[in-house]
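Structural data, given as structure tokens:
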């Protein structure tokens with residue numbers, strides 16, 4: 444197990460990776476193709492594919508806007524809190540140590 448870090452880039456990579464895995468799982472459980480998921484979320488297929496890979500055009504972790512996250516959650520009939528459940532790598536510090544951290548259960552429910 445590595446030494447915990449508070450490196451924001453490592454945290455962003457872990458969040459992007461977790462979101463990517465969660466999106467793929469939600470899509471597969473919904474029986475949708477990437478094209479169908481993208482259409483439901485109101486975005487281009489290649490944009491959705493980047494979210495599912497967790498990597499942006501410039502090989503950096505994806506960093507979606509709040510409105511995009513809400514659209515993605517709506518595409519799968521879930522709320523934003525469930526979409527953002529994050530599994531951190533053990534090398535990343537406990538979120539309790541992050542100033543201003545917001546936990547999914549503290550977020551308001553998504554509006555239809």
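Residue numbers (my numbering): 444 to 555. We put the beta carbon where it would ideally sit given N, CA and C, even for glycine. Since we're looking at a predicted model, the values are computed, not measured.
Check whether residue i and residue j have beta carbons under 9 Å apart
i: residue 463; j: residue 495; result: yes
i: residue 519; j: residue 509; result: no
i: residue 553; j: residue 523; result: yes
i: residue 528; j: residue 473; result: no
Where residue i falls, given that 16 or more other Cβ within 10 Å makes a residue buried
i: residue 481; result: buried
i: residue 459; result: buried
i: residue 484; result: buried
i: residue 533; result: Its pLDDT being 47, under 50, residue 533 is placed unreliably in this model, and the value from its coordinates should be taken loosely. Residue 533 comes out exposed.
i: residue 470; result: buried
i: residue 501; result: exposed
Which residues DSSP lists as bridging residue i, in chain order
i: residue 504; result: 498
Integer-rounded CB distance, given that residue j should sit under 8 Å from residue i
i: residue 505; j: residue 513; result: Not really, about 15 Å apart at Cβ, beyond 8 Å.
i: residue 477; j: residue 492; result: 6 Å
Below-9 Å beta-carbon distance, residue i vs any chain C residue
i: residue 457; result: Absence of chain C from the displayed structure is noted, only one protein chain being present.
Alpha-carbon to alpha-carbon, residue j and residue i
i: residue 521; j: residue 490; result: 20 Å
i: residue 453; j: residue 503; result: 11 Å
i: residue 451; j: residue 511; result: 21 Å
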